[in-house]
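Asker: Each number in this note's numbering corresponds to the 1-based position in the sequence shown with 15 added.
For glycine and all other residues, C-beta sits at the position ideal for the given N, C-alpha and C.
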Amino acid sequence: MATLARPVQWLIDFFTGGANEGDRRVTPDAALSYAPIWYAVNKICNNIGQLPLNFYRRTEDGKERASDDDRHMLVHHKPNQYQTSCIFKSQIMSHCLLWGNGRAYIHRVGRRIAELIPILPDRTITVLIEGEKYHLTKPAAHDRLNLFESMSSEAGLRDVVILSDYEVVHIPGFGYDGIEGLSLLQIAARSFNAGISGDKRYNTQASKGFAAKFMIEAPSGMFRNEQDAKKFLTDFNEYHAGPQNSDKVGLIREGMKLQTMSMSNQDAQFLESRRYQRQEAALWFMLETILGDGSSEAYRSFEQKNMAYLTNCLMTWIV
16 MATLARPVQW LIDFFTGGAN EGDRRVTPDA ALSYAPIWYA VNKICNNIGQ LPLNFYRRTE
76 DGKERASDDD RHMLVHHKPN QYQTSCIFKS QIMSHCLLWG NGRAYIHRVG RRIAELIPIL
136 PDRTITVLIE GEKYHLTKPA AHDRLNLFES MSSEAGLRDV VILSDYEVVH IPGFGYDGIE
196 GLSLLQIAAR SFNAGISGDK RYNTQASKGF AAKFMIEAPS GMFRNEQDAK KFLTDFNEYH
256 AGPQNSDKVG LIREGMKLQT MSMSNQDAQF LESRRYQRQE AALWFMLETI LGDGSSEAYR
316 SFEQKNMAYL TNCLMTWIV
């Protein structure tokens, strides 16, 4: 029974306006369809993927590269049977960026590590049980937020694979519990949805709207015949449109007027809002500059720009 302390959901929606689209969770495909996020994720993942990852052993004089060790072959050349080291690192990095956690299963044969198999983050959680860290994952596609609910029943628990931390390489992103990183797709949902909605609005306006640079105003009653009006516009565009006609002088007669269509204040604010959303997307990925945005931080040289990118964005993941 509904009370003031526990009202029914329809009553809450009535007073709050229902679920806000900006608060909805963002799917990976929707996030990557937004150009600034695609650029940021690809840039960081590919840069991390290209970096060499070597395996060393300690010696009396310091350390040396253990090129003859099987583990060096895994991290430097081929972590598993179907991926190169570059692709493997890029994939794990994408998991870290979007879901806040990169995980790989350590497949051991005896005492030897045979493979590192990526674990998909959208169906995996990391928990602390009696002081021990475990990773719970569903082999089949499953909603991560409902994973705890499925574990509450015996039927749901049968489908969950429980891995000890000893069996998993876990690279958590920023988080406040020290166990699991926070998912950017959830934390930044409102910001990402604002940018994606702006793209949708622009696409709708471009596909349905009319955006001409000039309008010709004819005197009243001049073109009563629609065919005459179409022929005039066709002849006018044929003579004046295109880069090859850019230097031609135009002439309109019979009291016609040529009006230039200027950008409205609303359109100008919309463009400014899209520019801000691009900058905001860069902030989520710790990028101080993003492609196509000339109003971001300026650097005296390309080297300084790359150093800022290395120090403020990549270094945390590299370490």
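Would the beta-carbon of Val-176 fall within 8 angstroms of that of Thr-141?
Answerer: No, Cβ-Cβ distance for Val-176 and Thr-141 is not below 8 angstroms.
Asker: Does the count of Cβ pairs from the region 180 to 191 and the region 116 to 133 closer than 8 angstroms reach three?
Answerer: These segments touch.
Asker: Is it right to say Leu-248 is buried, meaning 16 or more other beta carbons lie within 10 angstroms of its own, or is it exposed?
Answerer: Exposed, because fewer than 16 other Cβ atoms sit within 10 Å of the Cβ of Leu-248.
Asker: Could you pull the DSSP bridge partners for Glu-147 from this structure?
Answerer: Glu-147 pairs with Ile-144.
Asker: With H, G and I counted as helix, E and B as strand and the rest as coil, what does DSSP make of Glu-253?
Answerer: Reduced to three states, the DSSP call for Glu-253 is helix.
Asker: So the candidates are Leu-200, Gln-65, Tyr-54, Ala-81; which of them puts its Cα closest to the Cα of Tyr-71?
Answerer: Ranking the options by Cα distance to Tyr-71, first place goes to Ala-81.
Asker: Can you tell me whether Gly-210 is buried or exposed, with buried defined as 16 or more other CB within 10 angstroms of its CB?
Answerer: With 16 or more other Cβ atoms within 10 Å, it is buried.
Asker: Is Leu-273 near Ile-333, with beta carbons less than 8 angstroms apart?
Answerer: Cβ atoms of Leu-273 and Ile-333: not closer than 8 angstroms.
Asker: Looking at chain D, is there any beta carbon in it that lies within less than 8 angstroms of the beta carbon of Tyr-97?
Answerer: Absent from the structure is chain D; it holds one protein chain and no more.
Asker: Please check the pair Gly-321 and Gly-196, which I expect to be a contact at CB under 8 angstroms, by giving their CB distance rounded to whole angstroms.
Answerer: A quick correction: the sequence has Asn, not Gly, at residue 321. Not confirmed; about 26 angstroms, so no contact.
Asker: What did DSSP end up calling Leu-68 once you bin it into helix, strand or coil?
Answerer: Coil at Leu-68, not helix or strand.
Asker: Do Gly-64 and Ile-121 have their CB atoms nearer than 8 angstroms?
Answerer: In this structure, Ile-121 does not lie closer than 8 angstroms to Gly-64 by Cβ.
Asker: Using 8 angstroms as the threshold, is the C-beta distance between Tyr-254 and Lys-263 below it?
Answerer: Result yes, Cβ atoms of Tyr-254 and Lys-263 sit closer than 8 angstroms.
Asker: Looking at the structure shown, is Gln-274 part of a helix, part of a strand, or coil, going by DSSP?
Answerer: Gln-274 falls in the strand class under three-state DSSP.
Asker: How is the beta strand (DSSP E) around Tyr-120 delimited, first residue to last?
Answerer: Its beta strand (DSSP E) spans residues 116 to 124.
Asker: What is the DSSP secondary structure of Val-264, reduced to helix, strand or coil?
Answerer: Correct three-state label for Val-264: coil.
Asker: Do Tyr-49 and Phe-207 have their C-beta atoms closer together than 8 angstroms?
Answerer: Yes, they are a contact pair.
Asker: If distances are taken between C-alpha atoms only, which option among Ile-267, Arg-205, Arg-216 comes closest to Pro-234?
Answerer: Nearest of Ile-267, Arg-205, Arg-216 to Pro-234, Cα basis: Ile-267.
Asker: Considering Met-330, what are the terminal residues of the alpha helix (DSSP H) in which it resides?
Answerer: Residues 330 to 333.
Asker: So if DSSP puts Pro-133 in a beta bridge, which residue, or which two residues, is it bridged to?
Answerer: According to DSSP, Pro-133 bridges with Ala-119.
Asker: Let's see if you can read the secondary structure: which residues bound the beta strand (DSSP E) around Glu-79?
Answerer: Its beta strand (DSSP E) spans residues 77 to 80.
Asker: Output needed for Pro-136: all residues of its chain with C-beta closer than 6 angstroms, excluding positions within five of it in sequence on either side, in chain order.
Answerer: For Pro-136, where only same-chain residues beyond five positions count, the Cβ hits under 6 angstroms are His-110, Trp-114, Asn-116.
Asker: By alpha-carbon positions, which one of Gln-242, Gly-193, Lys-93, Asp-214 ends up nearest to Asn-69?
Answerer: When each option's Cα is compared against that of Asn-69, the closest is Lys-93.
Asker: Rounded to whole angstroms, what's the CA-CA distance from Phe-317 to Leu-329? Just pull it up for me.
Answerer: Going from the Cα of Phe-317 to the Cα of Leu-329 covers about 17 angstroms.
Asker: Just mark Pro-51 as buried or exposed, buried being the case when its beta carbon has 16 or more other beta carbons within 10 Å.
Answerer: It is buried - the Cβ of Pro-51 has at least 16 other Cβ atoms within 10 Å.
Asker: Using only alpha-carbon positions, find the residue among Leu-298, Leu-200, Asp-250, Phe-251 that is nearest to Leu-47.
Answerer: Ranking the options by Cα distance to Leu-47, first place goes to Leu-200.
Asker: What is the rounded straight-line gap between the Cα of Glu-147 and the Cα of Asp-174?
Answerer: Glu-147 and Asp-174: Cα-Cα distance of roughly 21 angstroms.
Asker: What three-state label does DSSP hand Ile-231 in the structure shown?
Answerer: DSSP places Ile-231 in strand when its eight states are reduced to three.
Asker: Check Leu-113 in the structure and name its three-state DSSP category.
Answerer: Leu-113: helix per DSSP, three-state reduction.
Asker: Can you have a look at Gly-193 and say buried or exposed, based on whether 16 or more other CB atoms are within 10 angstroms of its CB?
Answerer: Its Cβ having fewer than 16 others within 10 Å, Gly-193 is exposed.
Asker: Decide if Gly-265 is buried, meaning its Cβ has at least 16 other Cβ atoms within 10 Å, or exposed.
Answerer: The residue is exposed, with fewer than 16 neighbouring Cβ atoms inside 10 Å.
Asker: I'd like the span of the beta strand (DSSP E) that includes Ile-186, first residue to last.
Answerer: Where Ile-186 is concerned, the enclosing beta strand (DSSP E) stretches over 183 to 187.
Asker: Which class does Ile-194 belong to by DSSP, given the choice of helix, strand or coil?
Answerer: Correct three-state label for Ile-194: coil.
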